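See below for the structure under consideration.
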Amino acid sequence: MSTLVLDAVSRWFGNVVAVNDVTMTIGPGVTGLLGPNGAGKSTLIHMMAGFLPPSSGTVTLDGDVLWRNEQVYRRIGLVPEREAMYDAMTGWQFVLANARLHRLTDPEAAARRAVDTVQMAQAESRDVGTYSKGMKQRIKMATALVHDPPVLLLDEPFNGMDPRQRLQLMDLLREMGQQGRTVLFSSHILEEVEQIATDVQVVVSGRHAASGDFRQIRQLMTERPHQYTVRSDDDRALAAAVMADGSVTGVELVATTAVGSRQGGRALHVEATDRASFVRLLPQVAQRHGIRLFEVTPADESLESVFSYLVAR
Amino acid sequence: MLAVCDLTVDVAPGVVGLVGANGAGKSTLLKMLLGLLPATSGSASVLGHDVATEGPAIRQRVGYMPEHDCLPPDVSATEFVVHMAQLSGLPRAAARERTADVLRHVGLDEERYRPMGGYSTGMRQRVKLAQALAHDPQLVLLDEPTNGLDPAGRDDMLGLVRRIGTEFGISVLVTSHLLGELERVCDAVVVIDGGQLLRSSATADVTAASALLVVEVDARSGEFVDALTSAGVRAHPAGRLVEVELAGDGDYDRVRDAAAGLGVGLVRLEQRRHRMAELFLAPAGGGRDA
Amino acid sequence: MSPVDATVARLTAGSLLGRRRALLLLALPAVLLVLAGVARALSGQDAELSAFLLSSFALGTVVPLLGLLAGTGAIGPEIDDGSIVYLLSKPLSRSVMVVTKLLVAVAVVLVLGALPTLVAGLLLAGTSDGLAVGFAVGAAAAGTGYCALFLLLAVVTRNAVVVGLMYALIWESLVGQLVPGAQALSIRQWALVLTERIVGGRAEALGADSAVGSIGLVLLVAVVVGATWYAGRRLRTLRLTSDA
Amino acid sequence: MTPDVQAGAGPVESGAIHDIGYRHYDGERRGRAAVRRAMFVESARGAYGLGRAGRTKVMPALLLAAMCLPALVGAAIAALTGADELPIAYGGYVLNLQVLVSVYLAAQAPVSVSRDLRFGVMSLYFSRPMERIDYVLAKYAALATAVLVLMALPLTILLAGALLAKMPLGEQLPDYLRAMGAAVLLALVLAGIGLVIAAVTPRRGLGVAAIIAVLLVLSGVQGAAQVIATEQGTRDAAGWTGLLSPYTLVDGVAHRFLGQDSVLGAGPPGTAGALVFAAVTALLVAGCLGLLVLRYRRVSIS
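Chains as they are written, first to last, in our numbering: chain A, 1 to 313; chain B, 314 to 603; chain C, 604 to 847; chain D, 848 to 1149.
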């Protein structure tokens, strides 16, 4: 069980502040480090991997400082973002070489276990240069797992992966999290974070914008109105009925234009400050007035909206 | 290696999406359309020009945005796009004028004078798009333009692609494997996997609503399912959601009444759209890693 | 803990002896040996010619180029494409990495530089005047110096090869001829001190002498140790930014 | 056939004026010759860092300055002392500084071609109305011009110095023109060698090392061979060794065809020698061009 602690960490390059006073604790389980491009995610990961000293504040793993401390790599497995590897070697040789670099007692067994964990046994004898993006990513995972580290750092692991490759990597990360490892991955592709991250740290332009489960984050931002799209067989009547209740701050009848996929039609945009009471009220009011509800969709609940809301703030 | 095999499709003007997994043959198809890769069999024509014989004529009227990195780091965006416009046959003055115009349209402001080595992924994608538009093509081929972009960047790029197809009056063939975005942008979609055509149809019917409802309540969802089944609705839990097989419109009311009856919050009631994701995963299946 | 790591050595050798770079590394000594063979066939054992060939071609061209290719090649490609991250994320002291990489580079220069110089020397002048051994030892010393310096350059800058060229060709030879003082900082001249000692009396006549005194040796050792130590320090704080 | 602008299913705006909207271009669209010229200009300027980031200007500027320094000094001496002859002859100027020319070529050839290979720019070039032969010709001409400038500038400074020192133009011009002719030939030969080697690898460092290795080894071998040949007493053999290095090859051709006295002593032996030297020079240039066309035919545009 290992914990990564960032205490009031800042990092600047000249007068560009990449990371600004971030305090963060990353414990066991899968944590998603989330933020737009240029928010400072890779700077943070570089500091957690000990490749970059913080300009101020400390970055420690179970109390040990990470900067210029080679021994810490016994407990950290790093999956770098860049694709460059020793292309002239086969997958097996590459993982084995990493095992030997760790000076493990039995490098062959460790490499064997790592390659099997990432299900790359069938391609291990081929040169790394011939691997697809998804296979390269899995071999990189194997090199990071070979010394069975309690901490796993992955820099933008999902970049450029198609859904099938992404699903495979998600299962792998979930499995690592369940084994009690401290898994941290950076991403700006929100679908993945939603599905596997037990914990989310949101970073926006260098600042630590939010942390905790993303639904928690959702609750934390109660002062922001919640947006709902409702489609029923009598939108106007439903709008009038719903407005009567205090939890709703605004209703708008909109025509949904057929852009690309969705057909045209009408819908109700509802803004409610008190989410819980609105969702309970809606079915009761509809029942009372005999209005059939076809669709009730939270328009802003996905992490994407949480994220763009934080960016906009 | 069979990259693309016996693919027959014709692409109408407007914004057309080409969907497929990594390695499904998207980039190969684009290169063939540019007349850069000879098709081993069959034929294709772009804007009326035969791909096999009239390559240069096609490349004069077509803009291409590759998926991979293709920008030299030691030159500024302005200098680079002007050069690219000239390589498409525009005289220097016109090239300079159009470059300024196009860079403004893709949203590159004062960074356009800095060397591209320091550009963010988003800015690089914009320059790649600008060089494809600089010579005012009739058709642009965009290979995964949103690759590596964050949500804000993705929305901007998709908005841009949409504007190119409509406001600029340039036909667009855009590829992607992030399926949600093609739904929002394209008028029609060609889905290929392993080099073969899976489906080619207007986006609307690809994501047609199916007869499955997804419902979420904020409490006591077990009792909620029981209430539904006792009301004769075929419902079963799926994680924190409840899936309801829609027998008829009456089921909508039964869902509403079950929630109202129990006094629980109806957080979500959605038709389970046949998301392109399933469409894309289902047929390919198997462990074959593209 | 030994100052050398076998796996780092194997990885370095792998990236250093990539197909194209190996071709180049082998071509250099091959040309030297062919040249020596032709010279021997045509003009028999001629001391002045041998010294000229060994000094200007072997020590003046082949060894610096080998040092450049091996020294920068031992770490340059890995830093350039980012695969160095697989070494840096290991519990392995950075100085062990640098020393191991240096030894691999020096081994290449010894095998493909010093040894062929010995063989060429024997071919050209037999064992007379200790020319063959003198220049072989000189080549080994110069090669080591070049490897250490160019390896450091590869850690410090992305255009290590061009800067290395400017040192080896422009500073050492061109400027060296015009401004004799410049030779005080020339690795080749430092190495020639050894050659001069081995060749002995006729070194001056044969042009196998050095423009600097035995202080040159001290400077050579200082450069090798200093460059390696500083490369280790810089590797510890290497930042993997991807700008070109 | 431009598709009509269908504004989606939204309400059709009548009379809306898109003033700063996207403007179509119906001006002149030039053919491959103009495309080739644009590539040539950009690449030639790039060899001196013009139009590129500041960092790329440092090395070319340094080498150009180093090349011109002796000429400046020579011109100054001639002008001040009122000598009636330049301290440095035009003919031998470049050959004495061949190391600088070699370093410039080794550094700039990879910048010209390996950079396009490494950063994937080829797919942008070949997705345009431009064939691979156009790319090769443009790059070749650009590098040759860049190398020529490196030699022509100091020669011109020498000429200017001579004129300043009131030396008669009639006397200076022939030698100057002979030297310039030799410089053109040398630029063509060097550009070929440099590009063929640089185009083999996208790695800049390796390209630089490979080019300098080839040039150094060639002149090293030539020097050694010449010494051996002169010792054997046969001047002709020494002459033939001139074929081994581009510098001596061009010097030989300039000696026999342009009447410039050979700097490196033994010129090509007899008329046969002259013809062979000329043929080899032409073959070298044509051969390099041919190799480059073959190389770029195989370049996949991914």
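A virtual CB, placed ideally from N, CA and C, is assigned to each residue, including glycine. All values derive from a computational prediction rather than experimental measurement.
Going along chain A, which residues have a C-beta under 7 Å from Glu583(B)? Mapped onto the second sequence, residue 583(B) falls at position 270. Within chain A, the residues near Glu583(B) are Glu295 and Thr297.
Can you tell me which of the three DSSP states Trp12(A) falls into? By one-based count along the first sequence, residue 12(A) stands at place 12. Trp12(A) falls in the strand class under three-state DSSP.
Checklist entry - Does the distance from the C-beta atom of Val580(B) to that of Val279(A) stay below 8 Å? => result As a first step, residue 580(B) is located in the second sequence; it is residue number 267 there, counting from the start. As a first step, residue 279(A) is located in the first sequence; it is residue number 279 there, counting from the start. Yes. Within cutoff.
Exercise. My guess is that Leu61(A) and Arg75(A) are in contact by the Cβ rule of under 8 Å, so how many angstroms apart are they, rounded?
Worked result: Residue numbering aside, residue 61(A) sits at position 61 when the first sequence is read from its first letter. Residue numbering aside, residue 75(A) sits at position 75 when the first sequence is read from its first letter. Confirmed, about 6 Å.
| task | Compare the C-beta of Gln438(B) against all C-beta atoms of chain D and say whether one is closer than 8 Å. | result | Taking the second sequence and counting its residues from 1, the one referred to as residue 438(B) is at position 125. Answer no: the Cβ-Cβ gap between Gln438(B) and chain D never drops below 8 Å.
Q. How would you list, in chain order, the residues of chain A whose beta-carbon sits under 8 Å from the beta-carbon of Thr434(B)?
A. Looking up residue 434(B) in the second sequence gives position 121. Here the neighbours are Asn37.
Self-check item: Rounded Cβ spacing between Val1055(D) and Leu768(C) (contact assumed at less than 8 Å)
Solution: In the fourth sequence, residue 1055(D) corresponds to position 208, counting from 1. In the third sequence, residue 768(C) corresponds to position 165, counting from 1. Contact holds; Cβ gap of about 7 Å.
*Of the listed residues Ser125(A), Asn98(A), Leu66(A) and Val9(A), nearest to Lys41(A) (C-alpha basis)*: Mapped onto the first sequence, residue 41(A) falls at position 41. Of the listed residues, the one whose Cα sits closest to Lys41(A) is Val9(A).
Which residues of the segment 1116-1148 of chain D have a Cβ closer than 7 Å to any Cβ of chain C? Give them in chain order. none
(request) Return the Cβ separation of Val528(B) and Val568(B) in integer angstroms, given the expectation that the two are a contact with Cβ distance under 8 Å. (result) Residue numbering aside, residue 528(B) sits at position 215 when the second sequence is read from its first letter. Residue numbering aside, residue 568(B) sits at position 255 when the second sequence is read from its first letter. Contact flag correct, Cβ pair sits at about 6 Å.
TODO: Could you confirm whether any beta carbon from chain A is found closer than 8 Å to the beta carbon of Pro464(B)?
DONE: To locate residue 464(B), count along the second sequence from 1; it is residue 151. Closer than 8 Å: yes.
- [ ] Give, in chain order, every unbroken run of the beta strand (DSSP E) that is at least 3 residues long and sits entirely within the segment 867-902 of chain D.
- [x] none
- Task: Between the Cα of Pro37(A) and those of Ile291(A), Ala255(A), Arg231(A) and Ser205(A), spot the shortest distance and give me the residue it belongs to.
- Result: Locating residue 37(A) in the first sequence gives position 37, where the first residue counts as 1. The sequence given here has Asn at residue 37(A), not Pro. Minimum Cα distance to Asn37(A) is reached at Ser205(A).
So, does the CB of Gly260(A) fall closer than 8 Å to a CB anywhere in chain B? Translated into positions along the first sequence, residue 260(A) becomes position 260. For Gly260(A), the predicted model reports a pLDDT of 40, less than 50, meaning its position is unreliable; a value from the coordinates is still stated below. It does: the Cβ of Gly260(A) has a partner Cβ on chain B nearer than 8 Å.
Sequence ranges, beta strand (DSSP E) only - wholly within the segment 1075-1142 of chain D, length at least 3 = none
Per-residue DSSP class, three states only, for Asp562(B): Within the second sequence, numbered from 1, the residue matching residue 562(B) stands at position 249. If DSSP states are grouped into helix, strand and coil, Asp562(B) belongs with coil.
- Task: Compute the beta-carbon to beta-carbon distance between Pro460(B) and Gly35(A), rounded to the nearest angstrom, for a pair I have assumed lies under 8 Å.
- Result: Counting from 1 along the second sequence, the entry for residue 460(B) is found at position 147. Counting from 1 along the first sequence, the entry for residue 35(A) is found at position 35. Residue identity differs from the one stated: residue 460(B) is Asn in this sequence, not Pro. At roughly 18 Å, the Cβ-Cβ gap does not stay under 8 Å, so Asn460(B) and Gly35(A) are not in contact.
Given that Pro602(C) touches chain A, what residues does it touch there, using C-beta distances under 8 Å? The requested residue 602(C) does not occur in the structure, where chain C is confined to residues 604 to 847.
Notebook entry, point to check: Going by alpha carbons, who is nearest to Lys441(B) out of His362(B), Tyr565(B) and Glu457(B)?
Noted result: Within the second sequence, residue 441(B) is the residue found at index 128, counting from 1. Per the Cα distances, Glu457(B).
- Message: Quick check on DSSP: helix, strand or coil for Phe94(A)?
- Response: If you number the first sequence from 1, residue 94(A) lands on position 94. Helix, per DSSP.
Does the beta-carbon of Asp7(A) have 16 or more other beta-carbons within 10 angstroms, so that it is buried, or is it exposed? As a working note, residue 7(A) is residue 7 in the first sequence. By the neighbour-count rule (16 or more Cβ atoms within 10 Å), Asp7(A) is not buried but exposed.
Would you mind sorting Thr23(A) into buried or exposed? The rule is 16 or more other CB atoms within 10 Å of its CB.
Here residue 23(A) corresponds to residue number 23 of the first sequence, with the count starting at 1. Exposed, since its Cβ has fewer than 16 Cβ neighbours within 10 Å.
Original post:
Which of the three DSSP states, helix, strand or coil, is assigned to Phe481(B)?
Top reply: Locating residue 481(B) in the second sequence gives position 168, where the first residue counts as 1. Three-state DSSP puts Phe481(B) in coil, outside helix and strand.
Touch test, the segment 690-698 of chain C against the segment 707-725 of chain C, Cβ-Cβ under 8 Å, three pairs minimum: no
Worksheet item: Quick one: what does DSSP say Met135(A) is sitting in, helix, strand or coil?
Response: Along the first sequence, one-based indexing puts residue 135(A) at 135. Met135(A): helix per DSSP, three-state reduction.
So, does the CB of Glu223(A) fall closer than 8 Å to a CB anywhere in chain B? Start at 1 with the first residue of the first sequence, and residue 223(A) comes out as number 223. Low local confidence applies: a pLDDT of 48 at Glu223(A) is under 50, so the model's placement there is unreliable, with the coordinate-based value given in what follows. No, Glu223(A) does not count as interfacial toward chain B.
- prompt: Assuming Leu331(B) contacts Val503(B) under a Cβ cut-off of 8 Å, what Cβ separation, rounded to an integer in Å, is found between them?
  reply: Here residue 331(B) refers to the residue found at position 18 of the second sequence. Here residue 503(B) refers to the residue found at position 190 of the second sequence. Indeed they touch by this definition, with Cβ atoms about 5 Å apart.
Point to revise | Cβ neighbour criterion (16 or more within 10 Å) applied to Arg164(A) | key: Position 164 of the first sequence, counting from 1, holds the residue named residue 164(A). Buried, because 16 or more other Cβ atoms sit within 10 Å of the Cβ of Arg164(A).
Inter-residue Cα distance where the pair is Leu145(A) and Gly535(B):
To locate residue 145(A), count along the first sequence from 1; it is residue 145. To locate residue 535(B), count along the second sequence from 1; it is residue 222. Approximately 40 Å between the Cα atoms of the pair.
- Message: To the nearest angstrom, how far is the alpha carbon of Thr488(B) from that of Ser358(B)?
- Response: Here the question's residue 488(B) lines up with position 175 in the second sequence. Here the question's residue 358(B) lines up with position 45 in the second sequence. Each residue's alpha carbon lies about 19 Å from the other.
Checklist entry - To which residues of the same chain is Leu1065(D) closer than 8 Å at the C-beta, ignoring the five residues directly before and after it? => result For the purposes of this step, residue 1065(D) is taken as the residue at position 218 of the fourth sequence. Here the set comprises Leu1091, Ser1092 and Pro1093.
Original post:
Based on Cα-Cα distance, which residue from Leu1063(D), Ala912(D), Asp1083(D) and Phe1124(D) lies nearest to Phe1104(D)?
Top reply: By one-based count along the fourth sequence, residue 1104(D) stands at place 257. Nearest C-alpha to Phe1104(D): Phe1124(D).
Discussion item. Tell me which residues of the segment 561-576 of chain B have at least one Cβ-Cβ distance to chain A shorter than 8 Å, keeping chain order.
Written reply: Asp562, Tyr565, Asp566, Val568, Arg569, Asp570, Ala572, Ala573 and Gly576
I'd like to confirm the pairing. Which residues does DSSP put opposite Glu556(B) in its beta bridges?
In the second sequence, the residue the question calls residue 556(B) occupies position 243. Answer is Val527(B) and His549(B).
Mark Ala533(B) as exposed unless 16 or more other C-beta atoms lie within 10 angstroms of its C-beta, in which case mark it buried.
Residue numbering aside, residue 533(B) sits at position 220 when the second sequence is read from its first letter. The question names Ala, yet the displayed sequence has Arg at residue 533(B). Looking at its Cβ environment, which holds fewer than 16 other Cβ atoms inside 10 Å, Arg533(B) is exposed.
Let me see if you follow: with CB-CB separation under 8 Å, is Leu971(D) close to chain B or not? Walking along the fourth sequence from the start, residue 971(D) turns up at place 124. Closer than 8 Å to some Cβ of chain B, the Cβ of Leu971(D) qualifies, so yes.
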